[in-house]
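Numbering (this note's numbering), first residue to last: 7 to 341. Idealized CB from N, CA, C, for every residue including glycine. Remember, it's a predicted structure, so these values are computed and weren't measured experimentally. Written out below as structure tokens is the structure these notes cover.
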Amino acid sequence: MKKRILSGITPSGSALHIGNYFGAVKPQIELQNDNETYYFVADLHALTTVQDKAGLEKNITNVILDYLALGLDPQKCVFFRQSDVPAHSQMMVVLGNYVTLGHMQRMHAYKDKLQKGVTVDAVNMGLFNYPILMAADILLYKPEFIPVGEDQRQHVEITRDMAESFNKKYGNVLVLPEPMISKEVGRIVGTDGSRKMSKSLGNVISIFEDEEVIHKQIMGCYTDPNRKKATDPGRVEGNPVFVFHDLINDDKNEVADLKQRYGKGQVGDVEVKERLFEAHKRLFSKARQTRKALERDQEALRAILRDGANKASRVANATLEEVYSSIGIINSLNK
Ligand code: TYM
């Protein structure tokens, strides 16, 4: 049975990293084969942090190219830009009435800011309202599943709460979505070895950056701090370099051999990292070529986004119309 599935990426950084890829994009690509899938670039969400015109334009283009190059197939999924479907913004205005200020104040992204010492005067309303726009993104398409990383779980939960509160008043109009989060790859650790890999923390391994940049990211990766020399037995368990090997390296014999030698003090960190860099090049070389080709064909890119926007709008507007009718807003959309 085909399931309806939806997910998105915010173009808040310059490009995708392997946390995005293994935690979200790869599962999303696998799902597009046997399901009805909607994937989009959440350009309006990026405004919470990116407020320079050139920077935002560049980020959006990059994420569109990255997403497609990694394997999103616009023949199989509906691929679009959030701002191309105005229903997202319209639905957000409605949904804000079915969630309380208290609930919004308990959201992690907001609370984390305050905990880091940021004052309420420095938190813009776009950031505070972020979960409402995300709920609008989701509920318009009535998806059953939302494939995302662990950091998005709370956003899907508050979306369910909004839908439930709406449905209680108006009947079963909205569908309550389920988060689809992998236990194994739902939270990929960063190169610092402790925190989640994240654009804003600068602890990423990129996918499409220049090779020198990726080499530097890999060589700077945290390993076993107790190991002074290559002949000291090293710790494999929990070592981020081996976490990345397990994810990236298609040569499983090499990974097993490196782990064994590392544990016995028979291989240096530099060699383990160089092998990781080679594996990264192998895994993403095809995507890099695809990305270059896409970049050259701007007209094809525009056509993909136009087509995606049309298909997404049809679904989104139908739900918006139903929502307006349910709440008593009778206008030119539904009359
Ligand atoms: P964003 O752009 O921060 O991240 C995109 C996807 O990558 C996942 N991810 C990770 N997964 C595992 N380990 C990591 N270290 C890691 N870092 C990021 C994220 O969980 C996400 O799935 N708010 C969303 C975008 C969004 C959205 C939506 C998603 C907007 N509207 C509606 C689903 C449905 C975000 O900022 O993701």
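In this structure, DSSP gives E301 a helical state, which the three-state scheme calls helix. Per DSSP, the unbroken alpha helix (DSSP H) holding T67 starts and ends at K59 to A75. Taking a C-beta distance under 9 Å as the contact criterion, P33 and P183 do not qualify as a contact pair. Around the CB of G19, 16 or more other CB atoms lie within 10 Å, so the residue is classed as buried.
A Cβ-Cβ contact shorter than 9 Å links F290 with I213. V181 sits away from K234, with the two beta carbons spaced by 9 Å or more. For P92, the Cβ stays outside the 8 Å cut-off from all heavy atoms of the ligand TYM. Distance from the CA of I224 to the CA of N255, rounded to the nearest whole angstrom, comes to 13 Å.
Beta-bridge annotation (DSSP): Y45 is paired with S13 and F85.
Straight through space, the alpha carbons of I24 and E42 are spaced by roughly 25 Å.
Closer than 8 Å to some heavy atom of the ligand TYM: that describes the Cβ of M203. Judged by DSSP secondary structure, M186 falls outside any alpha helix (DSSP H) and instead within the beta strand (DSSP E) spanning E184 to M186. With a cut-off of 8 Å, the C-beta of N65 is classified as distant from the ligand TYM, since no heavy atom of the ligand falls inside that distance. The continuous stretches of beta strand (DSSP E) do not include F28, and DSSP gives it neither H nor E. Of the candidates A30, A21 and L22, the residue whose Cα lies closest to the Cα of P185 is A30. Between the alpha carbons of Q121 and K8 lies a distance of about 42 Å. In the three-state reduction of the DSSP assignment, V329 falls in the helix class. Taken through DSSP and simplified to helix, strand or coil, S18 comes out as coil.
Assigned with DSSP and collapsed to three states, I335 falls in coil, not helix or strand. Residue burial annotation: A318 is buried, with at least 16 other C-beta atoms found within 10 angstroms of its C-beta.
Between H251 and A285 the beta-carbon gap is near 7 Å, inside 8 Å, which marks them as a contact.
Residue side-chain check: T43 keeps its Cβ at 8 Å or more from all non-hydrogen atoms of the ligand TYM.
At least one heavy atom of the ligand TYM sits closer than 8 Å to the Cβ of P153. Distances from the CA of A48 to each of L37, R281, I11 and R87 were compared; the closest alpha carbon is that of R87. Taking the Cβ of L182 as the reference point, every heavy atom of the ligand TYM lies at 8 Å or farther away.
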